[in-house]
Amino acid sequence: MGFLGYDSERLLWLSTAMRRTADKLAAIHNDDPAISASMVRVRSAERALSATWLPVIGRMLSCDVLGTEYAPVHLDGTDVRTAALFMLQGYGWQVATDPLGQVGDGTIRVTGAEARAIGALLSRSDISELIDTPEELAWLRQRLLVIGADPKLAADLAANLDTTWVLAVLADEHLDAAATGDRTRATQLAEVIAACATAVREHETAAWVDELIELDPYAAALALRGLDLHGEELAAACDRILARWRNPPDGGGWPDADVGPTYTADLLFPLLIADPDAATAFLQRAAAHPDIVFQTTNDGVLVRELLLVGTDPAHVSARAAGDIMVPTLEWLRNNVAWFHNDMIGGGFDARELLGELAAPWLLYFGPRVEDWGWSITEGEEILQFVVDDGRALDDLLAAMEQWRIELLVRPLVDADGRIEAGWATDMAGLFILFDEVITKEVTDDARAARIWVDLLASAVTTVGTSFGDGAIGLTVSATVPFVVSQVQDLLTDAGILPPDADLVAELAHAETAQRKATTAIFAIVALAAQLVDSGDLPEDALDGLDLGNVSGGCEARVVHDRLQAFIDGLRDRCSATVYNAFVALLSTFLSPDAINDVC
Amino acid sequence: MTLNPADPEQLRARARAVRRSASALGSLDTDGLVVRADESTWCGPTPQRCYDELMALRSTLRSTVDEMIEVARHLEAQADVAAQDGGTARIVLS
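This is the structure in structure tokens:
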């Protein structure tokens, strides 16, 4: 059983008008067969008024408490679904039971009066009593969605709604529901809050957003989800809300921080993750206070996604990434040791996230370190901090495939045989960086060797690919065992490796200087072998490589000179492209700087 | 009354009667009725159904008035033809 309300005086006017109309209809007589169908409709209209609606109105106006389906009632204003009738009752309207509908019947049209009544009732009553059942919440959400879709109704709602206060109270209700494990109610309340914010957003001033952000951050976050903000606007709002969350004005704590387990950041981060531009803009702002990223939630998955989306090379420039990564990593290096399990942010290990974060930008920790405003030492130290975590190192290495692909699509030597100097510099720098940082961390010999072999294979493959016509046809997976095998034989034949030595293990255990020399030999020999195999070099080309007795002087320098002599000897026997590829590869693995470092 | 479709005077008389009915129907203040039944008077499931039915009733009566006027025109045209043809012509009403 539902309810209806009426203004007795106006209902009497309606009754009078209806009676007058019915009488006039009854007075119309015409038995001409040409209009018989029309007269049927006239009679039908008359019956609808006199036999249906006039008796209904008559029963209401009779105020008969007993014996009628329209029994007078008095609403107490504790059910939001009767908001409109409750308010009208206050203006002197009569309320009665209505057999035609149920309380909360969603098919009843939302009127301007109802929109105003909902706004007023929510703003002045005990909200928890108004919406204490799932049915009331579902009804309110549905009503708010209808109101939000109609500018006039939305204006009616906004006119009577104390938006900021209502959202704050609804957020408290949400928090209570979440804290007591009532997920259904929490979800319903979150939807109501979003629908409410959506409904009034067009009718509130820009200052309202500022006011909203000054709310309890949890309430602000819930409301923000209904405002449909994007990009910079969303980023700025999230930054302000979370900064406020971290720094309560009175020095106390916010309700969600006390009860959890869902915090303000848990509501905001998904919005940012869904909007990459906003994620980047937010992280740029958060760079000034990275605690709003790492110490506002215990959900490491959310933080990881936010960081990866916000620094994704697919849409973020190196400069923008640097604006985020540099301060964020420096802050973490100084603060992460102070994180502990019983603080918000202690629910995950931020260091574990850094491998994936750093992988796409590895060059900026070494060869391009100046682009991010670091010195070489600072870049190394920060990367050292990153790989100090075993999980981060694993992720960094697992993500190397992405970096390898980047190298593969950037030719070392162009079609005219010109060397891409930046590539060689980057590669050389990367190897130095690995030598300085990563190998210090990797205590597992097999894994260390694997890193080196993979890097070498990448370099050689990249050089081969740079010929452009596919003559070499290398792939990383096919190259690694092939190259290892060929180089093993050649180095053994030259007496550099003892018989039956494990080349990979030798590389892993070698001192820095020796490793640089060996890897350079590895790369040059591997490339030469490939080119011989493909017909780009004569079959006897490798005969010109003299690797005997390299112990006189600094081994790296001697090897460099031998390799340079080998390459020079090929100059007249191969194309300019091939020659330049060798020069670039040698420069990559044994650059003058690298030799000076170790000799 | 026996209808004679060839009698111009009878046809005109029928047309006048139909026009009077249409006029009476058209003079009803159905707009006022609908306005009086809106949310400023009452609201709820029953009032909404009443309002919806009155809206439909208003639309029906308007179209009924138009139909009646059209019938009257046909009758008048039929009378004109009957008068010209001496009562032999006939217009079939659709």
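Protein chains in written order, with our numbering: chain F, 23 to 621; chain L, 4 to 97.
Every residue, glycine too, gets a C-beta built ideally from N, C-alpha and C.
The model shown is predicted, which means the values in this text are computed figures rather than measured ones.
#### Entry: Closer than 8 Å to chain F by CB, L:Met71
Position 68 of the second sequence, counted from the first residue, corresponds to residue 71 of chain L. With 8 Å as the cut-off, L:Met71 counts as an interface residue toward chain F.
### Task
Determine the contact status of F:Leu26 and L:Gly47, defining contact as a CB-CB distance below 8 Å.
Taking the first residue of the first sequence as position 1, residue 26 of chain F is located at position 4. Taking the first residue of the second sequence as position 1, residue 47 of chain L is located at position 44. It is a contact, given that the beta carbons lie within the stated cut-off.
### Query
Between F:Glu402, F:Leu166, F:Asp558, which lies nearest to F:Leu385 when the distance is taken from Cα to Cα?
Translated into the one-based positions of the first sequence, residue 385 of chain F becomes position 363. Selected option, being the one with the closest Cα: F:Glu402.
### Query
Helix or strand or just coil, what does DSSP make of F:Gly490?
The residue labelled residue 490 of chain F in the question sits at position 468 within the first sequence. Legend: pLDDT at F:Gly490 = 47, less than 50; position of this residue unreliable, value from coordinates given subsequently. It is coil, neither helix nor strand.
### Cα-Cα separation between F:Arg14 and F:Glu236, rounded to whole angstroms
Residue 14 of chain F lies beyond the range of chain F shown here (23 to 621); nothing can be said about it.
### Query
Under 7 Å Cβ-Cβ, which residues of chain L neighbour F:Met40?
For the purposes of this step, residue 40 of chain F is identified with residue 18 of the first sequence, where counting begins at 1. Within chain L, the residues near F:Met40 are Leu36.
#### Entry: DSSP state of F:Thr38 mapped onto helix, strand, coil
Position 16 of the first sequence holds residue 38 of chain F. Looking at F:Thr38 - three-state DSSP - the assignment turns out to be helix.
### Task
May I ask you to list the residues that DSSP assigns as paired with F:Leu26?
For this step, residue 26 of chain F is matched to residue 4 along the first sequence. F:Leu26 pairs with F:Ala118.
### Task
Mind listing the chain L neighbours of F:Leu324? Cutoff is C-beta to C-beta under 7 Å, in chain order.
Within the first sequence, the letter at position 302 stands for residue 324 of chain F. Residues of chain L with a Cβ closer than 7 Å to the Cβ of F:Leu324 do not exist; the shortest Cβ-Cβ separation is about 46 Å.
### Assigned secondary structure, F:Trp396 (DSSP; H/G/I helix, E/B strand, else coil)
In the first sequence, counting from the first residue as 1, residue 396 of chain F sits at position 374. The answer is coil: DSSP assigns F:Trp396 none of H, G, I, E or B.
### Query
So, helix, strand or coil for F:Pro94, using DSSP?
Counting from one through the first sequence, the residue named residue 94 of chain F turns up at place 72. F:Pro94: strand per DSSP, three-state reduction.
### Query
Mapping DSSP to helix, strand and coil, what is F:Pro614?
Counted from its first residue, the first sequence places residue 614 of chain F at position 592. In the displayed model, F:Pro614 falls within a helix according to three-state DSSP.
### Message
Please report whether the beta-carbon of F:Lys46 lies at a distance below 8 Å from any beta-carbon of chain L.
### Response
As a working note, residue 46 of chain F is residue 24 in the first sequence. So yes, F:Lys46 belongs to the interface.
### Task
Give a yes or no on whether the minimum CB-CB distance between F:Tyr28 and chain L is below 8 Å.
Start at 1 with the first residue of the first sequence, and residue 28 of chain F comes out as number 6. It does: the Cβ of F:Tyr28 has a partner Cβ on chain L nearer than 8 Å.
### Query
Are the CB atoms of F:Val222 and F:Leu179 nearer to each other than 8 Å?
Position 200 of the first sequence, counting from 1, holds the residue named residue 222 of chain F. Position 157 of the first sequence, counting from 1, holds the residue named residue 179 of chain F. One thing to note: F:Val222 has its Cβ within 8 Å of the Cβ of F:Leu179.
### Query
Hey, F:Ala257 and F:Ala300 are a contact pair by Cβ (cut 8 Å); roughly how many whole angstroms apart?
Start at 1 with the first residue of the first sequence, and residue 257 of chain F comes out as number 235. Start at 1 with the first residue of the first sequence, and residue 300 of chain F comes out as number 278. Yes, F:Ala257 and F:Ala300 are in contact; Cβ-Cβ is about 5 Å, under 8 Å.
### Contact set between L:Gln51 and chain F, taken where Cβ atoms lie within less than 7 Å
By 1-based counting over the second sequence, the position of residue 51 of chain L is 48. Here the neighbours are Ile130, Arg131.
### Task
Could you tell me whether the Cβ of F:Asn363 comes closer than 8 Å to any Cβ of chain L?
Along the first sequence, read from residue 1 onward, the residue named residue 363 of chain F stands at position 341. Not closer than 8 Å to any Cβ of chain L, the Cβ of F:Asn363 fails to qualify, so no.
#### Entry: Classification of F:Lys538 by the beta-carbon crowding that lies within 10 angstroms, buried from 16 upward
Numbered from 1 along the first sequence, position 516 holds the residue referred to as residue 538 of chain F. Result: buried.
### Message
Counting C-beta neighbours from all protein chains within 10 Å, is the total for F:His582 16 or more, i.e. buried, or is it exposed?
### Response
In the first sequence, the residue the question calls residue 582 of chain F occupies position 560. It is buried - the Cβ of F:His582 has at least 16 other Cβ atoms within 10 Å.
### Message
Just to confirm my understanding: we take F:Val391, look at its own chain, exclude 5 residues before and 5 after, and list those with CB closer than 6 Å. What are they?
### Response
As a working mapping, residue 391 of chain F is identified with position 369 in the first sequence. Cβ neighbours of F:Val391 beyond the five flanking positions: Ile398, Gly401.
### Task
Give, in chain order, every residue of the stretch 150-169 of chain F whose Cβ lies closer than 7 Å to some Cβ of chain L.
Hits within the stretch: zero.
### Task
Assign F:Asn52 to one of two classes, buried (16 or more other C-beta atoms within 10 Å of its C-beta) or exposed (fewer than that).
Locating residue 52 of chain F in the first sequence gives position 30, counting from the first residue. Its Cβ being crowded by 16 or more others within 10 Å, F:Asn52 is buried.
### Message
By the three-class DSSP mapping on this structure, what secondary structure does F:Trp353 have?
### Response
On the first sequence, residue 353 of chain F is found 331 positions in, with the first residue counted as 1. DSSP places F:Trp353 in helix when its eight states are reduced to three.
### chain F contact for L:Asp83 (CB, 8 Å cutoff)
Here residue 83 of chain L refers to the residue found at position 80 when the second sequence is read from its first residue. No, no contact with chain F.
### Message
Buried or exposed for F:Gly112, going by 16 or more other Cβ atoms inside 10 Å?
### Response
Within the first sequence, numbered from 1, the residue matching residue 112 of chain F stands at position 90. So F:Gly112 counts as exposed.
### Message
If I measure Cβ to Cβ from L:Ala75 and keep anything under 6 Å in the same chain, skipping five residues before and after, which residues do I get?
### Response
Here residue 75 of chain L refers to the residue found at position 72 of the second sequence. Result list for L:Ala75: Ala18, Val21, Arg22, in chain order.
#### Entry: Against chain F: residues of the stretch 38-67 of chain L by CB proximity under 7 Å
Arg39, Ala40, Glu42, Ser43, Thr44, Trp45, Cys46, Gly47, Pro48, Thr49, Pro50, Gln51, Arg52, Cys53, Glu56, Leu60, Thr63, Leu64, Thr67
### Task
Tell whether a beta-carbon distance below 8 Å holds between L:Ala52 and F:Leu290.
In the second sequence, the residue the question calls residue 52 of chain L occupies position 49. In the first sequence, the residue the question calls residue 290 of chain F occupies position 268. The question names Ala, yet the displayed sequence has Arg at residue 52 of chain L. For the pair L:Arg52 and F:Leu290, the CB atoms are not nearer than the 8 Å cut-off.
### Task
Measuring only between beta-carbons, confirm whether L:Ala20 sits less than 8 Å from chain F.
Translated into positions along the second sequence, residue 20 of chain L becomes position 17. Using beta-carbon distances, L:Ala20 counts as an interface residue toward chain F, with a partner under 8 Å.
### Query
Using the C-alpha atoms, what's the distance from F:Ala193 back to F:Pro283?
What you label residue 283 of chain F is simply residue 261 of the first sequence in a count that begins at 1. What you label residue 193 of chain F is simply residue 171 of the first sequence in a count that begins at 1. So the alpha carbons of these two residues sit roughly 15 Å apart.
### Message
Using C-beta distances below 8 Å, list every residue in its chain close to F:Glu327, excluding the 5 sequence neighbours before and after it, in chain order.
### Response
Residue mapping note: residue 327 of chain F aligns to position 305 of the first sequence, counting from 1. Cβ within range, chain order: Phe291, Ile295.
### Query
Hey, would you say the C-beta of F:Glu158 is under 7 Å away from at least one heavy atom of the ligand FMN?
No copy of the ligand FMN appears in this structure; indeed no ligand is present at all.
### Task
Answer with yes or no whether the minimum CB distance from L:Ala99 to chain F is below 8 Å.
Residue 99 of chain L falls outside the range modelled here, since chain L spans only 4 to 97, and no answer is possible.
### Task
Answer with yes or no whether the minimum CB distance from L:Leu14 to chain F is below 8 Å.
Working through the second sequence from its first residue, we reach residue 14 of chain L at position 11. By this cut-off, L:Leu14 is not an interface position.
### Query
In whole angstroms, what is the alpha-carbon distance linking F:Thr206 and F:Thr155?
In the first sequence, residue 206 of chain F corresponds to position 184, counting from 1. In the first sequence, residue 155 of chain F corresponds to position 133, counting from 1. Rounded to whole angstroms, F:Thr206 to F:Thr155 spans 11 Å at the Cα level.
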